[in-house]
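Here my numbering runs 274 ahead of the position in the sequence shown, where the first position is 1.
Don't be surprised by glycine CBs; every beta carbon is placed ideally from N, CA and C.
In what follows, a structure is listed as structure tokens, so that the remarks can point back to it.
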Amino acid sequence: MWQSYLNGLLISLGLIMAIGTQNAYVLAQSLRREHHLSVALLCIVCDVVLVAAGVFGLANVLAHSPTLLAIARWGGVIFLLWYGAMALRRAVSPQSLAQGDADGQRSRRAVLLTALAVTLLNPHVYLDTVLLVGSLGAQQTVPGAYVAGAASASVLWFSTLAIGAAWLAPWLARPTTWRLLDLMVAVMMFGVAVQLIRTA
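The following block contains the structure:
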């Protein structure tokens, strides 16, 4: 059970910690203190729903098809190795998140609709959460614990961005910070890939 939980936690953390439009949006809203807690909660809920749909939907399919299970396992290994390599590449040429200029306070509805668009209109969210995280979770001995681990990762990351934005802003603006985060991401991805190879 704890291994499944830890796998869900590490894989999800590795995926959501990378610089992307969703993280940039959450951080920008947090720095502006513009409905930032609602935005973080929305991102958490979206992540949990998508991961659960992927895990429990794919679990049923993969349980009845050893061939599909093998494809999912080795596809996951390839993706994890590729993702880890990309993280190492980013670590060599790090980026930083910049604080956007506030254009005035917007309504909660407008902010949340933008957050939904940033989250759900990005095709990578389906590749990452539903297909990758979901297929890996479907192979776990305790899929529910895996989903709980993935949910914990979302809560931890988005809460940190939302609540600690003022403190994190100068820290996240440093390229060295993202270099270290990307190195951590690479280690996580390679570690889970090795574990999948050993259980094959």
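Item to check | CB-CB length for residue 300 against residue 319, believed under 8 Å | outcome: On the sequence shown, residue 300 is found 26 positions in, with the first residue counted as 1. On the sequence shown, residue 319 is found 45 positions in, with the first residue counted as 1. Contact between residue 300 and residue 319 is ruled out by a C-beta separation of about 13 Å, above the 8 Å threshold.
Item to check | Local Cβ density within 10 Å of residue 415, reported as buried at 16 or more and exposed below that | outcome: Start at 1 with the first residue of the sequence shown, and residue 415 comes out as number 141. Counting Cβ neighbours within 10 Å, residue 415 comes out exposed, since fewer than 16 surround it.
Checklist entry - Do residue 466 and residue 408 have their C-beta atoms within less than 8 Å of each other? => result On the sequence shown, position 192 is the one that residue 466 refers to. On the sequence shown, position 134 is the one that residue 408 refers to. Contact annotation: residue 466 and residue 408 have beta-carbon atoms that are not nearer than 8 Å.
Item to check | Spatial neighbours of residue 433 in its chain, beta-carbon cut-off 7 Å, leaving aside the 5 residues before and after | outcome: Translated into the one-based positions of the sequence shown, residue 433 becomes position 159. If the five residues before and after residue 433 are omitted, its C-beta is found closer than 7 Å to the C-beta atoms of 314, all from its own chain and listed in chain order.
Next on the checklist: To the nearest angstrom, how far is the alpha carbon of residue 425 from that of residue 403?
Outcome noted: As a first step, residue 425 must be located in the sequence shown, where it is residue number 151. As a first step, residue 403 must be located in the sequence shown, where it is residue number 129. Straight-line Cα distance between these residues: approximately 11 Å.
Item to check | Expected contact under 8 Å - CB spacing of residue 308 and residue 392 to nearest Å | outcome: In the sequence shown, counting from the first residue as 1, residue 308 sits at position 34. In the sequence shown, counting from the first residue as 1, residue 392 sits at position 118. Wrong, their Cβ atoms sit about 14 Å apart, outside the cutoff.
Checklist entry - How would you call residue 344, buried or exposed, if buried means at least 16 neighbouring beta carbons within 10 angstroms? => result Here residue 344 refers to the residue found at position 70 when the sequence shown is read from its first residue. It is exposed - the Cβ of residue 344 has fewer than 16 other Cβ atoms within 10 Å.
Item to check | Nearest to residue 439 (by Cα), restricted to the options 305, 323, 338, 348 | outcome: Mapped onto the sequence shown, residue 439 falls at position 165. Proximity to residue 439 across 305, 323, 338, 348 peaks at 305, based on C-alpha coordinates.
Checklist entry - From residue 468 to residue 382, what does the alpha carbon distance come to, in whole angstroms? => result Counting from 1 along the sequence shown, the entry for residue 468 is found at position 194. Counting from 1 along the sequence shown, the entry for residue 382 is found at position 108. When rounded, the distance between both Cα atoms is 44 Å.
Next on the checklist: Rounded to whole angstroms, what is the Cα-Cα separation between residue 363 and residue 461?
Outcome noted: Position 89 of the sequence shown, counted from the start, is the residue given in the question as residue 363. Position 187 of the sequence shown, counted from the start, is the residue given in the question as residue 461. If I take the Cα positions, the gap works out to 13 Å.
Item to check | CA nearest to the CA of residue 388, picked from 298, 291, 286 | outcome: Numbered from its first residue, the sequence shown carries residue 388 at position 114. If we check each option's Cα against that of residue 388, 298 comes out closest.
Checklist entry - What are the complete alpha helix (DSSP H) segments, minimum 4 residues, inside the region 304-342? => result Those alpha helix (DSSP H) runs which fall completely within the region 304-342 and span 4+ residues are 310-337.
Next on the checklist: Using 8 Å as the threshold, is the C-beta distance between residue 456 and residue 365 below it?
Outcome noted: For the purposes of this step, residue 456 is taken as the residue at position 182 of the sequence shown. For the purposes of this step, residue 365 is taken as the residue at position 91 of the sequence shown. In contact: residue 456 and residue 365 (Cβ atoms closer than 8 Å).
Item to check | Alpha-carbon to alpha-carbon, residue 317 and residue 376 | outcome: Here residue 376 refers to the residue found at position 102 when the sequence shown is read from its first residue. Here residue 317 refers to the residue found at position 43 when the sequence shown is read from its first residue. Summary for residue 376: the model assigns pLDDT 46, below 50, so the residue's position carries little reliability; its value from the coordinates is reported in the next sentence. Our two residues, residue 376 and residue 317, have alpha carbons roughly 21 Å apart in a direct line.
Checklist entry - For residue 282 versus residue 420, is the C-beta spacing smaller than 8 Å? => result Here the question's residue 282 lines up with position 8 in the sequence shown. Here the question's residue 420 lines up with position 146 in the sequence shown. A contact, by the Cβ cut-off of 8 Å.
Next on the checklist: In this structure, how does DSSP classify residue 463 when only helix, strand and coil are distinguished?
Outcome noted: On the sequence shown, residue 463 is found 189 positions in, with the first residue counted as 1. Helix, per DSSP.
Checklist entry - First and last residue of the alpha helix (DSSP H) that includes residue 289? => result If you number the sequence shown from 1, residue 289 lands on position 15. Residue range 276-290 is occupied by the alpha helix (DSSP H) that includes residue 289.
Item to check | For residue 438, the three-state DSSP class (helix, strand or coil) | outcome: Translated into positions along the sequence shown, residue 438 becomes position 164. Residue state for residue 438 is assigned as coil, using DSSP reduced to three classes.
Item to check | Inter-residue spacing [alpha-carbon to alpha-carbon] between residue 478 and residue 437 | outcome: An answer regarding residue 478 cannot be provided, because it is not within the stretch 275 to 474 covered by the chain.
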